[in-house]
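Trainee:
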Amino acid sequence: MIDILKSKKGGFIFFLSLALWSCEEDFELLRPSVETQEVTDVTHESALSGVIILDDGGDPIQQKGLAWGISSPPTIEDNQTLLEGDNMEASLTGLQPGTNYFVRAFARNSVDISYGREYEFKTSSTYPRVALLQIENITVNSARVNAEMESYGGSEVAEKGFCWGRSSEPTLEDGHVIFAEGEEFNQTLSGLEPDTQYFVRAFARNEVGLSYSEEYDFYTKDRLPEAPALPGKTAFPSKR
245 MIDILKSKKG
255 GFIFFLSLAL
265 WSCEEDFELL
275 RPSVETQEVT
285 DVTHESALSG
295 VIILDDGGDP
305 IQQKGLAWGI
315 SSPPTIEDNQ
325 TLLEGDNMEA
335 SLTGLQPGTN
345 YFVRAFARNS
355 VDISYGREYE
365 FKTSSTYPRV
375 ALLQIENITV
385 NSARVNAEME
395 SYGGSEVAEK
405 GFCWGRSSEP
415 TLEDGHVIFA
425 EGEEFNQTLS
435 GLEPDTQYFV
445 RAFARNEVGL
455 SYSEEYDFYT
465 KDRLPEAPAL
475 PGKTAFPSKR
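Each residue of the sequence shown is one higher than the one before, starting from 245 at the first, in my numbering.
1. As a quick exercise: from Thr-383, Gly-302, His-420, Asn-450, pick the residue whose alpha carbon is nearest that of Val-355.
2. With DSSP collapsed to three states, give me the class of Glu-282.
3. According to the neighbour-count rule (16 or more other Cβ atoms, all chains shown, within 10 Å of its Cβ), is Trp-265 buried or exposed?
4. Could you name each continuous beta strand (DSSP E) segment of 3 residues or more that falls completely within the segment 410-479, going from the start of the chain to the end?
5. Does the segment 413-421 come close enough to the segment 440-458 to have 3 or more Cβ pairs within less than 8 Å?
6. Rounded to whole angstroms, what is the Cα-Cα separation between Glu-296 and Ser-395?
7. Here's a check: name, in chain order, each residue in its chain whose Cβ is nearer than 8 Å to the Cβ of Val-283, leaving out the five neighbours to either side.
8. Secondary structure at Glu-403, three-state DSSP: helix, strand or coil?
9. Consult DSSP for Asn-390 and reduce its assignment to one of helix, strand or coil.
10. If the criterion is Cβ atoms closer than 8 Å, does the pair His-420 and Gly-409 meet it?
11. If you draw a straight line from the C-alpha of Glu-380 to the C-alpha of Leu-310, how long is it?
12. Once you ignore the five residues that flank Glu-458 on each side, which residues in its own chain have a CB closer than 7 Å to its CB?
13. Which class does Leu-273 belong to by DSSP, given the choice of helix, strand or coil?
14. Taking Cβ to Cβ, would you say Val-389 is nearer than 8 Å to Gln-431?
15. When you compare only the Cα positions, how much space is there between Pro-372 and Tyr-463?
16. Return the CA-CA distance between Lys-308 and Phe-271, expressed in angstroms with no decimal places.
17. Excluding the five sequence neighbours on either side, which residues of its own chain have a C-beta within less than 6 Å of the C-beta of Arg-467, listed in chain order?
18. In three-state DSSP terms, what is Asn-353?
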C-alpha cells in the first residue's frame with residue numbers, strides 16, 4: 245500500500261507500506277503407517293517376523309514391535325515383542341507346539357498406534373514330554389507307579405504307560421510294558437521278585453516319536469520269613 249502526504253513546501257512524500265505475511269505452512273500429524281514382514285523360520289516353539297515403517301505420520305516413532313496371540317486380530321494387550329533402535333526383526337518365543345498363532349506389526353507415535361497386515365502361522369509338533377512322579381506301595385512282588393503328561397507335543401498321544409526291568413534305562417523293547425490312560429496316570433507293576441532292584445520309566449508316543457521320562461529305581465521288599473512251627477506234641481499209646 246502507498247501513502248501520500250503533502251509537505252510544508254508543497255511537495256509530496258510517498259510512503260510504501262509493505263505487509264509481510266508468514267509463509268509457514270501448517271502440517272497435520274497423522275498415525276504412522278506400518279507393514280508386517282512375512283513369518284518365517286517357524287519351529288515348535290518360535291517364529292520370526294518383523295516391522296516395516298512405511299510412514300511415521302510426520303511425528304517420531306515412539307514404539308514399534310509385534311503383537312501376537314492365538315486370537316485374531318492380535319493386539320498389544322495380548323502379547324507384544326518390542327523392537328529397539330534400528331532392529332526391525334524379532335523372534336516370537338515361548339510358543340506352544342502344534343498351535344495356530346496370529347501376528348501383526350505395530351508402531352506408535354504421539355498421535356496413536358497403527359497395526360500392519362495380519363499373518364497366521366502354525367507351530368510344528370514335537371516329541372511329547374512325560375514325567376514319572378512317584379513310586380509307592382512297594383511290596384515283595386509289586387509296586388505302584390504314578391506319572392503325568394507335561395506336554396503332548398502339539399499332536400495326539402497314541403499311547404503311554406510304563407516300562408520296567410532289572411537293567412537301567414528300560415525300553416518298550418524289553419518286554420515289560422503296561423499301558424495307561426489319562427493326563428495323570430498310574431499302574432501297578434506286579435509279578436516282581438522279592439528283594440530285587442528294578443528300574444522304571446514312563447513313556448508317551450505321538451506322531452513325531454517316542455519319549456521317555458527320567459528313570460527311577462526301587463527295591464522290592466524281602467519275603468517275610470515263614471512263621472515258626474508250633475512245638476509239636478508226641479503222642480504215646482496209652483497203657484491199659
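Where a beta carbon is used, it is the ideal one built from N, C-alpha and C, also for glycine.
Mentor: The short version:
1. Gly-302
2. coil
3. Because Trp-265 carries a pLDDT of 43, less than 50, the predicted location of this residue cannot be relied on, and the following value inherits that uncertainty. Per the 10 Å Cβ criterion, exposed.
4. 421-423, 428-434, 441-449, 454-456, 460-463
5. yes
6. Going by the sequence as given, residue 296 is Ile instead of Glu. Distance between the alpha carbons of Ile-296 and Ser-395 is about 36 Å.
7. Ala-291, Leu-292, Ser-293, Val-347, Tyr-363, Phe-365
8. strand
9. strand
10. yes
11. 49 Å
12. Leu-376
13. coil
14. yes
15. 29 Å
16. 23 Å
17. Val-384, Pro-438
18. coil
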